[in-house]
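Asker: In my numbering, the protein residues as written are 476 to 579.
Sharing a structure here in structure tokens format.
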């Protein structure tokens, strides 16, 4: 028996190439959108982490400013106490000033 030759039709080859091209383009688009979705998710996660860090930094800064204000008020009170006490001798400090200075 002789093998029968099958005639390859050119439109069949063109259709197969077109199908492969369409499948390739669709796969590329799906890959791009999947990659974009991963990047969007990573960006959202990074933004959430940044927001948490900013909140913590703001709380720490508020504590620092409150402590700084407390020190400033305490220093002002000590200075007011020191200025309110009259000078008794230009040669030395009075005992109350020395005790107040040693207190802090």
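Every residue, glycine too, gets a C-beta built ideally from N, C-alpha and C.
Source: prediction; values computed, not measured.
Give me the Cα-Cα distance between residue 567 and residue 539, rounded to the nearest whole angstrom.
Answerer: Approximately 37 angstroms, taken between the alpha carbons.
Asker: To the nearest angstrom, how far is the alpha carbon of residue 557 from that of residue 546?
Answerer: About 16 angstroms.
Asker: What's the gap between the Cα of residue 489 and the Cα of residue 496?
Answerer: Approximately 10 angstroms, taken between the alpha carbons.
Asker: Can the beta-carbon of residue 571 be found closer than 8 angstroms to that of residue 554?
Answerer: Contact: no.
Asker: Taking the continuous alpha helix (DSSP H) assigned at residue 558, which residues delimit it?
Answerer: That run of the alpha helix (DSSP H) goes 485-559.
Asker: Just how far apart, CA to CA, sit residue 479 and residue 494?
Answerer: Going by the C-alpha atoms only, they are around 28 angstroms apart.
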